[in-house]
Amino acid sequence: MKTEWDYSERAHTYDMRADYSQKAVNKLLQTTKCSSDKPVGDIGAGTGKLSKMLLDFGLTVRAVEPNDNMRKYGIENTKSGSIFWSEGTGENTGLNDSSVYAAFFGSSFNVVNQQMALKEVKRILVPGGWFGCMWNHRDVEDPLQKEIENIITSFIPNYDYGLRRQNPSSVISDSGLFSEVMHIEEKFNTSMKTTESVDTWKSHDTLFRQSNGKFNDIIKEISNTMTADEYLVPYFTRIWFSNCVVEK
Numbered sequence: 170m171k172t173e174w175d176y177s178e179r180a181h182t183y184d185m186r187a188d189y190s191q192k193a194v195n196k197l198l199q200t201t202k203c204s205s206d207k208p209v210g211d212i213g214a215g216t217g218k219l220s221k222m223l224l225d226f227g228l229t230v231r232a233v234e235p236n237d238n239m240r241k242y243g244i245e246n247t248k249s250g251s252i253f254w255s256e257g258t259g260e261n262t263g264l265n266d267s268s269v270y271a272a273f274f275g276s277s278f279n280v281v282n283q284q285m286a287l288k289e290v291k292r293i294l295v296p297g298g299w300f301g302c303m304w305n306h307r308d309v310e311d312p313l314q315k316e317i318e319n320i321i322t323s324f325i326p327n328y329d330y331g332l333r334r335q336n337p338s339s340v341i342s343d344s345g346l347f348s349e350v351m352h353i354e355e356k357f358n359t360s361m362k363t364t365e366s367v368d369t370w371k372s373h374d375t376l377f378r379q380s381n382g383k384f385n386d387i388i389k390e391i392s393n394t395m396t397a398d399e400y401l402v403p404y405f406t407r408i409w410f411s412n413c414v415v416e417k
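Okay, so the sequence shown: first residue is 170 according to this note's numbering, each after it adds one.
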């Protein structure tokens with residue numbers, strides 16, 4: 170299955186991105202009462218970033234990923250867990266009706282047709298099951314991150330992070346398929362070698378798509394700015410989630 174967003178060339182660097190906040194994910198799974206006897210879906214599972222955390226929590230995971238290269242990394246990263254990988258998209262997961270207790274989108278809800286994806290989620294969820302979407306957002310108020318933002322806008326004055334930094338609550342509510350939207354936010358820092366941090370930027374498809382052929386120049390400028398061997402990179406993990414309305 171092909172999608173508009175093709176991460177084939179960035180799969181090897183995507184895997185270097187920061188993990189989600191353990192505290193935030195634990196809050197999500199505890200609030201939704203996920204447990205080992207209730208399979209969950211990781212939709213747009215990529216290289217298995219979120220799947221690995223779900224497995225660590227003892228869950229059985231149905232990982233759905235459209236990109237062959239991303240899925241290859243994901244299978245390798247999660248080969249010791251109770252997980253089943255398959256090809257599919259957020260709009261057409263290929264999962265059976267009422268087959269998962271929760272469906273989570275880790276950094277993937279911004280690259281789907283959201284209303285179609287929410288209808289698909291409702292189909293694959295058990296009655297009263299849960300939808301959740303999450304992203305890691307760099308703290309752009311941090312001095313180094315501000316400098317990186319200035320580099321980006323010097324090349325792309327109208328740079329737009331798009332849906333990945335927008336609150337999806339209204340989209341979820343407007344679907345009429347889910348109840349009140351809840352939110353979890355946790356700030357954390359992750360230590361990254363400069364080479365790793367630069368490589369994570371190479372995985373940034375939103376930047377690539379707007380770079381007008383200047384992507385490598387932007388990456389080079391970011392690299393030149395990072396003069397230390399290692400940095401503490403500040404992030405927020407932001408999660409929005411809701412359980413589906415049970416039809417009477």
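Backbone N, C-alpha and C fix where the C-beta goes; we use that ideal spot for every residue, glycine too.
Under the three-state DSSP convention, the category residue i falls into
{"i": "Met222", "result": "helix"}
{"i": "Ser372", "result": "coil"}
{"i": "Ile387", "result": "helix"}
{"i": "Gly382", "result": "coil"}
{"i": "Val209", "result": "strand"}
{"i": "Asp398", "result": "coil"}
{"i": "Gly217", "result": "coil"}
{"i": "Asn113", "result": "Residue 113 falls outside the range modelled here, since the chain spans only 170 to 417, and no answer is possible."}
{"i": "Lys196", "result": "helix"}
{"i": "Thr201", "result": "coil"}
{"i": "Asn327", "result": "coil"}
Same chain only: Cβ atoms within 8 Å of residue i, ignoring 5 sequence neighbours per side
{"i": "Asn265", "result": "Ile293"}
{"i": "Val414", "result": "Gly345, Leu346, Phe347, Ser348"}
{"i": "Ser392", "result": "Thr363, Val367"}
{"i": "Tyr404", "result": "Ala187, Ser190, Asn305, His306, Arg307, Asp308, Lys356, Phe357, Asn358, Thr359"}
{"i": "Tyr176", "result": "Low confidence applies to Tyr176: its pLDDT is 49, below 50, so where it sits in the model is not reliable, and the reading given next is rough at best. So the list reads Tyr183, Gly215, Asn236, Asn238, Met239, Ser372, Asp374, once near-sequence residues are dropped."}
One or two residues paired with residue i in a DSSP bridge
{"i": "Pro403", "result": "Asn358"}
{"i": "Asp188", "result": "In DSSP, Asp188 forms no bridge with anything."}
{"i": "Gly301", "result": "Phe273, Phe410"}
{"i": "Ile353", "result": "Ile408"}
{"i": "Phe347", "result": "Cys413"}
{"i": "Arg307", "result": "Tyr404"}
Same chain, Cβ closer than 6 Å to residue i, five either side skipped, listed in chain order
{"i": "Ser267", "result": "Val295"}
{"i": "Val290", "result": "Ala272, Phe300"}
{"i": "Gly217", "result": "Gly243, Asn246, Thr247"}
{"i": "Phe253", "result": "Arg231"}
{"i": "Phe278", "result": "Cys302"}
{"i": "Lys389", "result": "none"}
{"i": "His352", "result": "Trp409"}
Candidates the options, of which the one nearest residue i by Cα
{"i": "Leu223", "options": "Gly301, Phe324, Val367", "result": "Gly301"}
{"i": "Ser338", "options": "Met303, Thr258, Gly263", "result": "Met303"}
{"i": "Ile396", "options": "Met361, Lys241, Phe377, Arg240", "result": "In the sequence as displayed, the identity of residue 396 is Thr instead of Ile. Ranking the options by Cα distance to Thr396, first place goes to Met361."}
{"i": "Asp374", "options": "Leu332, Val233, Ser249", "result": "Leu332"}
{"i": "Asp211", "options": "Thr262, Leu197, Gly263, Phe274", "result": "Phe274"}
{"i": "Val233", "options": "Lys192, Ala286, Asn195", "result": "Ala286"}
{"i": "Met185", "options": "Leu219, Phe324, Gly215, Thr369", "result": "Thr369"}
{"i": "Leu198", "options": "Lys221, Ser220, Gly215, Phe226", "result": "Phe226"}
{"i": "Pro312", "options": "Asp343, Ser220, Val402", "result": "Val402"}
Spatial neighbours of residue i in its chain, beta-carbon cut-off 7 Å, leaving aside the 5 residues before and after
{"i": "Gly297", "result": "Asn412, Cys413, Val415"}
{"i": "Lys315", "result": "Val309"}
{"i": "Leu228", "result": "Cys203, Ser205, Val209"}
{"i": "Phe377", "result": "Phe384"}
{"i": "Asn322", "result": "It should be pointed out that residue 322 corresponds to Thr in this sequence rather than to Asn. Tyr328, listed in sequence order."}
Cutoff 7 Å: residue i Cβ touching any chain D Cβ
{"i": "Leu294", "result": "The chain labelled as chain D is not found in the depicted structure, where only one protein chain is given."}
List, from N- to C-terminal side, the alpha helix (DSSP H) runs of 4 residues or more that fit wholly inside the segment 228-295. If we require 4 residues or more, the alpha helix (DSSP H) runs fully inside the segment 228-295 come out as 237-246, 283-293.
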